[in-house]
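A.B. asks: What follows is a structure written as C-alpha cells; I'll ask about it next.
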Amino acid sequence: MASEAVKEFNDDNFDSEVLQSDGPVLVDFWAPWCGPCRQIAPMIDELASENPGVKIGKVNIDDNPGAAQKFGINSIPTLLLFKNGEIADTFVGVRPKAALQDALTSVS
C-alpha cells in the first residue's frame, strides 16, 4: 500500500493535480499485476517522503486508461516527471533511486 505521501491520480483529477500544478509532479503509471511496478513501489514511497516539495503520485492504468493513452504509455512502470504542466523527464522500467532523485532535484 502506498504511503500517505503518495497521491492517487486518476483520469478525473489528472489535469488539476498534475498538469495545472504549481510545482513539479512525478507520476508513476502502474498496474497491480505488474511485478516491476510492485518492486519500485517502496522506492516511490521513499521519494515521496524525502521530497516534500514534489508532488508524487500513481496512476493505475487499468482503472484510468485515459491518462495513459494521452501520454502514450506503452510499457509499465513508466514514470513521467512534469514541470509547469510539461514533461521534463521520462523513466521506463525499473530505475535506480539515485537517478530519480537527481531528476527531482533538478526540477525542484
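Residue numbers (UniProt numbering): 1 to 108. Note that the Cβ used here is the ideal one computed from N, Cα and C, for glycine as well.
Reducing DSSP to helix, strand and coil, say where GLY53 ends up.
C.D. replies: Residue state, collapsed to three classes: coil.
A.B. asks: Would you mind sorting GLY57 into buried or exposed? The rule is 16 or more other CB atoms within 10 Å of its CB.
C.D. replies: Burial call: buried.
A.B. asks: Comparing C-alpha positions only, which one of PRO42, ASP63, PHE29 and PHE82 sits nearest to GLU4?
C.D. replies: Ranking the options by Cα distance to GLU4, first place goes to PRO42.
A.B. asks: Check the C-beta distance from PHE9 over to ILE61 and give it rounded, since I have them as a contact under 8 Å.
C.D. replies: At roughly 11 Å, the Cβ-Cβ gap does not stay under 8 Å, so PHE9 and ILE61 are not in contact.
A.B. asks: Considering only heavy atoms of the ligand SAM, does any lie closer than 7 Å to the CB of GLU17?
C.D. replies: You won't find the ligand SAM in this model; it holds no ligand whatsoever.
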